[in-house]
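Here's the structure we're looking at; comments come further down.
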Ligand code: CA
């Protein structure tokens, strides 16, 4: 029902709101930007898909906004932006009722992965699903842990972020540009050698084969695709099933 409704971004800091809105749009979301709690409540009541809510707003306290959102937009996931880790206890507490939070300064990759997980959780209607996954690979974004089957993967922070971006969009091509922006917080494409190295390390840890990948396919000239639950689609009449 809300799949095409906008994501409501509530943030008065232009320096955070502008790049974040741009990243959300690039990720395919409709974005509605407001800078005050009052506007947020008004727009949320008209129907939104999710709310990304800054805790420090000029008019109303973010916790209060979150509480009132529960009344005007029940069931809509709320991702809170907080300035300090100590605030996190408050915003995810039962009082405020935020579904998740990220601490400023946040990495775009983390925020987008958490938002996707929230949307997936709310649409899948499966409260037991803690994180994204594809095939036998599962991630826990809160704990920053990943598993292949029963085996936990030992990943570096960047490897984890890279895997998170790819797995949350399993079955779809993720462009090099997007990966550089979300995982390395840069639009500088001169350093994609770094990306290729991380992909290669990730493949090794997944036990994957670059030439006949089960998990991580290279889409030449564009980016990478984590293969979905039903496995890689082989072209050119290669009928092997995986
Ligand atoms: Ca603020």
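In my numbering, the protein residues as written are 936 to 1177. Note that beta-carbon positions come from the ideal geometry of N, C-alpha and C, so glycine has one too.
In this structure residue 1053 is not in contact with residue 1120, their Cβ atoms being roughly 22 Å apart against a cut-off of 8 Å. Take the alpha-carbon of residue 1056 and the one of residue 972: they are about 25 Å apart. For residue 989, the enclosing beta strand (DSSP E) starts and ends at 985 to 989. Pairing residue 1128 with residue 1012, the inter-Cα distance amounts to about 37 Å. For residue 1161, the enclosing beta strand (DSSP E) starts and ends at 1158 to 1161. Secondary structure remark: continuous beta strand (DSSP E) runs of at least 3 residues inside the stretch 1043 to 1084, in chain order: 1072 to 1075, 1080 to 1083.
For ligand 1, residues qualifying as neighbours are 947, 948, 989, 991, where qualification means a beta carbon closer than 5 Å to at least one of its heavy atoms (chain order). Annotation for residue 999: 972 place their beta carbon closer than 8 Å to its own, counting only its chain and skipping 5 residues before and after. Looking from the CA of residue 985, the closest CA among 1153, 1090, 966, 994 belongs to 966. In this chain, the alpha helix (DSSP H) harbouring residue 1096 covers 1092 to 1103.
Secondary structure of residue 1127 (DSSP, three-state): helix.
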